[in-house]
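Residue numbers (this note's numbering): 56 to 566.
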């Protein structure tokens, strides 16, 4: 009798290309929906909570992410990369995931005080330590996530995952706002996170089918899933340090109030990065992995095509944040959070650096060059630490933010070196889109700051003229991106496959 596998559920005629396009469409829906929910949540909660609550929760998030990343041995990446899709293999992955979640919660509760001291310093350690035991239950709950979410990502079946994540976010938003309105303070954020985890796990088990869940540890599956463990463990450990060095240093350098402003600004500014990373991990990496598994699969071509469109979309959003970030906070947020406006603009620099890095690094795993991934994250960590320290020393918080980008730019160089050695590079996309992003951001910022220097304008006129000028710059930038993408023959093919042949034919550079 044939052992059922998850791949049996994928029709043989369904191509990688069609599934990748369908997944891209779902993510194009999901990311804006999640962004609206997340930003709406913050707009409401900033009227109910003081900045210190967001600052304290930002430090809790650092600990939670650190615990997760420092114990990442590459289970998900191994499942996506593997040719095995049988029940025993997937149940082993789920069992390891559950054990890891339970272990993390236990460690976080036991070592709450030293963890709090390490992250927040002596002045804030007591407040943070009091929250960690409760907050850490999100790790145990998350460990029980259905193994079918990994399979869905692997097979580029993102539709139900999009529905699940969007519904979960809305439900937890309602719960969090209700608790905050009831006067629970920072605990409203903690319980909201727990509600999000419980609802998400429950709905995944209801809607995602495939794996029959029970505890199982098959020896061969364990060895394969832990096979990438050494390099991925080193890489994720270094990634955590590079990604969170700003939060760790902020915990010791500034007040909880300033950390709160920073965390709110970070949510807006990192939306383009989240979009890029979501496409990279949910579409780009699984697609090129499947291409690589198939003999003669042109995963290099898939990489170039997908990344060009991804960088173009990210560039448009980054420029939008750089131009309109301060105005967004001025119009929609409680006046107490005005400092988040200028922070959001400065954060666009490290965010773009992270996008360049994060849309390349996963390709190293597909190519079996995990050592370069670890090396790139080591460079990121050292570069970010030095940049953050020196930036804050000489230029305060703006310097810290700009210094954060140094590590990502250096890390991108190491990733590029690894890809070149493996016969894959994408420098043209790096330079083209970075150049246009820089120019458009500078022009847009100068236009709006010029309006600010006109003393005779009323507040309404100032806002209206700023929006109009910013919109013109952003529209021109968007058109420029379309022209740049249109000059790339492989992008024409992508447009044609989406049924946009007329658009592709209207672009310049047609051969």
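C-beta atoms are modelled at their ideal positions from N, C-alpha and C, and glycine is treated no differently.
Measure the C-alpha to C-alpha separation of residue i and residue j and round it to an integer number of angstroms.
i           : j           : result
residue 189 : residue 474 : 43 Å
residue 567 : residue 380 : Since the displayed the chain opens at 56 and closes at 566, residue 567 lies outside it and no answer follows.
residue 111 : residue 333 : 27 Å
residue 350 : residue 251 : Confidence is the limiting factor: at residue 350 the pLDDT is only 49, short of 50, which leaves the residue's position unreliable, though a coordinate-based value still follows. Near 41 Å, if we compare the C-alpha coordinates of residue 251 and residue 350.
residue 572 : residue 327 : Nothing can be reported for residue 572: it is not among the residues displayed for the chain, which extend from 56 to 566.
residue 628 : residue 376 : A question about residue 628 goes unanswered here, because the residues of the chain that appear run from 56 up to 566.
residue 230 : residue 122 : 26 Å
residue 471 : residue 413 : 12 Å
residue 176 : residue 116 : 16 Å
residue 389 : residue 319 : 12 Å
residue 435 : residue 124 : 16 Å
residue 227 : residue 456 : 30 Å
residue 477 : residue 422 : 7 Å
residue 463 : residue 161 : 33 Å
residue 270 : residue 142 : 11 Å
residue 139 : residue 281 : 14 Å
residue 386 : residue 392 : 11 Å
residue 549 : residue 450 : Interpretation of residue 549 is limited by its pLDDT of 49, a score under 50 that renders its predicted location unreliable; no figure is taken from the coordinates.
residue 433 : residue 417 : 16 Å
residue 510 : residue 398 : 24 Å
residue 193 : residue 520 : 46 Å
residue 556 : residue 212 : Legend: pLDDT at residue 556 = 44, less than 50; position of this residue unreliable, value from coordinates given subsequently. Going by the C-alpha atoms only, they are around 25 Å apart.
residue 154 : residue 246 : 23 Å
residue 244 : residue 400 : 26 Å
residue 427 : residue 437 : 15 Å
residue 363 : residue 415 : 11 Å
residue 404 : residue 513 : 31 Å
residue 465 : residue 429 : 13 Å
residue 10  : residue 235 : In the structure as shown, the chain begins at 56 and stops at 566. Residue 10 is therefore absent and cannot be evaluated.
residue 452 : residue 304 : 11 Å
residue 216 : residue 257 : 13 Å
residue 249 : residue 467 : 35 Å
residue 488 : residue 366 : 7 Å
residue 214 : residue 361 : 19 Å
residue 448 : residue 502 : 30 Å
residue 308 : residue 539 : 43 Å
residue 484 : residue 454 : 28 Å
residue 133 : residue 325 : 27 Å
residue 268 : residue 536 : 46 Å
Which residue comes first and which comes last in the alpha helix (DSSP H) that contains residue i?
i           : result
residue 400 : 394-401
residue 224 : 214-236
residue 169 : 167-175
residue 483 : 482-507
residue 106 : 106-124
residue 179 : Here residue 179 belongs to no alpha helix (DSSP H), and DSSP marks it neither H nor E.
residue 333 : 326-334
residue 266 : Run containing residue 266: none; DSSP gives neither H nor E here.
residue 199 : Neither: residue 199 is in no alpha helix (DSSP H) and is coded neither H nor E.
I believe residue i touches residue j by the beta-carbon criterion, under 8 Å. Please report the beta-carbon distance rounded to the nearest angstrom.
i           : j           : result
residue 358 : residue 479 : 7 Å
residue 152 : residue 200 : 7 Å
residue 184 : residue 167 : 5 Å
residue 219 : residue 259 : 6 Å
residue 499 : residue 525 : 6 Å
residue 508 : residue 322 : Incorrect: roughly 29 Å between the Cβ atoms, too far for contact.
residue 241 : residue 186 : 7 Å
residue 382 : residue 497 : That belief does not hold up - the Cβ atoms of residue 382 and residue 497 are roughly 17 Å apart, past 8 Å.
residue 306 : residue 459 : Between residue 459 and residue 306 the Cβ distance is about 15 Å, and since that is not below 8 Å, they are no contact.
residue 157 : residue 198 : 6 Å
residue 180 : residue 172 : 4 Å
residue 100 : residue 232 : 7 Å
>> Quick test of the definition: if touching needs 3 or more C-beta pairs under 8 Å, does the region 262-280 touch the region 197-204?
In response: yes
> For the region 292-305 against the region 81-94, are there 3 or more C-beta pairs whose distance is under 8 Å?
Replying inline: no
> Is it true that the region 268-282 meets the region 141-155, where meeting means three or more beta-carbon pairs spaced less than 8 Å apart?
Replying inline: yes
> Do the region 519-530 and the region 406-422 touch if we need at least three Cβ pairs shorter than 8 Å?
Replying inline: no
> Are the region 100-108 and the region 303-314 touching by the rule of at least three beta carbon pairs closer than 8 Å?
Replying inline: yes
>> Below 8 Å, how does it come out for the region 437-447 and the region 298-313: are there three or more Cβ pairs, yes or no?
In response: yes
>> Would you call the region 490-499 in contact with the region 362-377, where contact means no fewer than 3 C-beta pairs closer than 8 Å?
In response: yes
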